[in-house]
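Engineer: Position one of the sequence shown corresponds to residue 1 (this note's numbering), numbered consecutively onward.
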Amino acid sequence: MKINIQKLSEGIHEVSEEISAEDLGLSQTVKTVGKLKLNAFVDKFEDSFRIKLNIIVDLIERCDKCLEEFNAEIDESGEQIYQVGEGDYTDDDIEVLPDNTREIDLSKLIIEVFLINRPIQKICREDCRGLCPDCGKNLNQTICSCKSERIDPRLEKLKSLIK
Ligand SMILES: [Zn+2]
Ligand SMILES: [Zn+2]
């Protein structure tokens, strides 16, 4: 997503665009359903551009506990101020662009907002039961007999006592 600033008037402008994960170089990092829906509010004041960016995208993630794929949605926002040419600003948060800049490339901001807000731990649902540590079966789908087998030795002792 690029914002052409050559003829941009003072004030707030809204720009929307859809971009694929491939175009952002994220196709190795994440599996998406459709494109990333981007919406940017550009607030121009002289040579500074405050950009508020919102990203909505549906992802296919793999659960850390049960290893099954599930759908997750990201709907997050971020903000960046760009300054064209050396201004009076000394704030580290402001990205300074060269004097002759014609368009602001938001790729870096998009990737930052996206990666910061993507959960580190991916869990398909709050009560995911994960995989059985003994047999590896998905305990959301089946109940394995491992737990009862763990109790079995005692029962077997009892059984032998009865005999
Ligand atoms: Zn799970
Ligand atoms: Zn098991």
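Every residue gets a Cβ at the ideal spot worked out from N, C-alpha and C, and that includes glycine.
1) Between L53 and V113, which are expected to be in contact by the criterion C-beta below 8 Å, what is the C-beta distance as a whole number of angstroms?
2) Which residues, in chain order, sit with a beta-carbon under 6 Å away from any heavy atom of ligand 4?
3) For L36, which residues of its own chain have a beta-carbon under 6 Å away from its beta-carbon, when the five flanking residues on both sides are left out?
4) Could you check which residue in T29, Q141, D127, S145 has the C-alpha nearest to that of D134?
5) Which value, in whole angstroms, describes the spacing of the CA atoms of I94 and Q83?
6) For L115, is the classification buried or exposed, using 16 other Cβ atoms within 10 angstroms of its Cβ as the cut-off for buried?
7) For H13, which residues of its own chain have a beta-carbon under 6 Å away from its beta-carbon, when the five flanking residues on both sides are left out?
8) In the DSSP assignment, the alpha helix (DSSP H) including L36 goes from what residue to what residue?
9) Alpha carbon to alpha carbon, how far is C124 from I143?
10) What's the gap between the Cα of G85 and the Cα of S16?
Structural biologist: If we stick to the structure as given:
1) 6 Å
2) Looking at this structure, you won't find ligand 4 anywhere; what it does contain is ligand 1 and ligand 2.
3) I19, I55, V57
4) S145
5) 7 Å
6) exposed
7) V42
8) Counting along the chain, L36 falls outside any alpha helix (DSSP H), though it belongs to the beta strand (DSSP E) covering 31-45.
9) 18 Å
10) 26 Å
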